[in-house]
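Numbered per the working numbering, the sequence shown spans residues -3 to 389. Just so you know, even glycine gets a beta-carbon here, dropped at the ideal spot from N, CA and C.
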Amino acid sequence: MKKRRIYLHIGTEKTGTTSIQEFLYENREALIHKGYYFIQSAGVRNNRALPSYAMRDDITDDFFQDRNINTPEERKKFREYTKQSLDQEISSLPDSIHSIIISSEHFHSRNTTSSQINIIKNLLSPYYSDIKIICYIREQTETLSSLYSTLIKSGTIYDFSYHLKFCTPRNSYYNFETMLKNWVDNFGEDKLCVRRFDRKTFINCDLIDDFLSCLEIEPSEDFSRVKKPQNESLNPLGQVIGLTINQAFPNQLSDKAIISKKRKLLSIIDKNFAGKGVSVTPEQYSEIFEAFRETNREVNRKYLKSDGDLFPYKEPINNQVNIDQNSILKLILQLINFTPLPGSFADLFRDAALLYESQDLEKAFIFMELAQKIRPDGVVINKKLNEYREKLK
């Protein structure tokens, strides 16, 4: 079998990977004409089956849950199928293909040990004569803030303060020195192409042009560009709504119909409430920046061949949740008038209100009012609204 060069894009998460993958998918034919092939058997956009291939049997996630892969035997069959499919796909490539592109941000979040990355190396080694690991890294607090929106879309029941606790140098998800070392230990430092996720440092101030430069491809009119933003964050209001729905209806519920409805609702929120979400306070930013300063400087020195701080010190604007009446009216208009919801969603809003009534009556009132917009004649809904109005006087 002809061996080729492999470009392995490992993320990291929250560094425009969805936009890159959409570009690669939409330009498959143009890339083939230039001798590059974007792997499809492991996932048509996100090649997620490959990082999942290297995960331990005792660790599961949404990838396996969605596919009902629950036992060690089912994992074994999944690995056999993934390996066979990849082999068939690469074996069938014409000789004109000199380079293979693989992309998944889940290499960053799911393959967190050197031994897991070694599994990836062993899987790919029959197919490459050379390999280049492409990795974008983003300042830790920005990563956290963007990740929080993704976690809400995925069903987290924990608020921002909970996830903030994990943003420490002990966590290889955020500690890029530790994370990159695992890849170096398996592939060698010279195989890594580490880029700072910062528009000011991109080639032509453009992420796609920058990524193409990593592939040693000149930007050209041969490629179509995806103009619609991909995988945007939720604004604070969308985050509050999404979190409340998740808390009322956690993913572990056995009622699949309710979970399906919840996902549809989260999708509506995603489409209508894009924007900058909550961020750390200036004090939290300063503490986190200092905690990562030395490891970030080492990454800057080792991989970017530069001295000083990896990221500029830039305190965020404190973007905390502030729900006012105008925002609620906007929510009602967008979620119900602009995108009509089926009557069953009144139950979701009603139960979200009941969840909040003992701890935050104003939020309970907001969600019960949403339920009334969908089901104006609901007896329990109207009774509760009257109770809330009396208590809020």
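- For the pair F183 and I237, the CB atoms are not nearer than the 8 Å cut-off.
- In this structure, the alpha-carbon of P278 lies about 17 Å from that of S142.
- Our two residues, D305 and N292, have alpha carbons roughly 7 Å apart in a direct line.
- DSSP places F363 outside any beta strand (DSSP E); the residue lies instead in the alpha helix (DSSP H), whose first and last residues are 357 to 370.
- R44 and F59 do touch by the CB rule: their CB atoms are close to 6 Å apart, below 8 Å.
- Assignment of Y132 by DSSP, reduced to helix, strand and coil, places it in the strand class.
- Straight-line measurement puts the Cα of A348 at about 6 Å from the Cα of T240.
- Counting only runs that start and end inside the segment 103 to 173, the alpha helix (DSSP H) elements of at least 4 residues fall at 110 to 120, 136 to 150, 156 to 160.
- With a cutoff of 8 Å on beta-carbon distance, Y124 and K(-1) are scored as near each other.
- Taking a contact as a CB-CB distance under 8 Å, the pair L233 and S145 does not count as one, their CB atoms being some 12 Å apart.
- Separation of T108 and C163 (C-alpha to C-alpha, rounded to the nearest whole angstrom) is 15 Å.
- Under the 8 Å Cβ criterion, the segment 99 to 107 counts as touching the segment 6 to 14, having at least three qualifying pairs.
- In this structure, the beta-carbon distance from I377 to N242 does not fall below 8 Å.
- Taking the CA atoms as reference points, Y32 sits about 9 Å from L211.
- Here the C-alpha atom of Y158 lies approximately 25 Å from the C-alpha atom of M51.
- Under the DSSP assignment, S99 falls in the beta strand (DSSP E) whose first and last residues are 95 to 99.
- C201 has no beta-bridge partner at all, per DSSP.
- The beta carbon of S302 is closer than 7 Å to those of N296 in its chain, skipping five residues each way along the sequence.
- Nearest Cα to A287 within the set E69, F172, D343, S88: F172.
- Straight through space, the alpha carbons of I313 and L176 are spaced by roughly 30 Å.
- R346 and Y384 have their C-alpha atoms some 13 Å from each other.
- Annotation: T56 to N66 spans about 8 Å, alpha carbon to alpha carbon.
- Of all alpha-carbon atoms in Q355, Y77, K369, the one lying nearest the alpha-carbon of D343 is that of K369.
- Secondary structure of L388 (DSSP, three-state): helix.
- In this chain, the beta strand (DSSP E) harbouring I2 covers 0 to 5.
- Here DSSP, grouped into helix, strand and coil, assigns R221 to coil.
- Secondary structure of F288 (DSSP, three-state): helix.
- In the three-state DSSP reduction, A45 falls in the helix class (H, G or I).
- One thing to note: I127 has its Cβ no nearer than 8 Å to the Cβ of K196.
- With fewer than 16 other Cβ atoms from the protein chains shown falling within 10 Å of its own Cβ, G339 counts as exposed.
- The C-alpha of S100 lies about 43 Å from the C-alpha of S354.
- Under the three-state reduction of DSSP output, Y32 falls in the strand class.
- Burial state of C131 is buried, judged by a 10 Å Cβ sphere holding 16 or more other Cβ atoms.
- Between the segment 34 to 43 and the segment 78 to 97, the count of C-beta pairs closer than 8 Å reaches three or more; the two stretches touch.
- In the three-state reduction of the DSSP assignment, R192 falls in the strand class.
- In the three-state reduction of the DSSP assignment, L176 falls in the helix class, which pools H, G and I.
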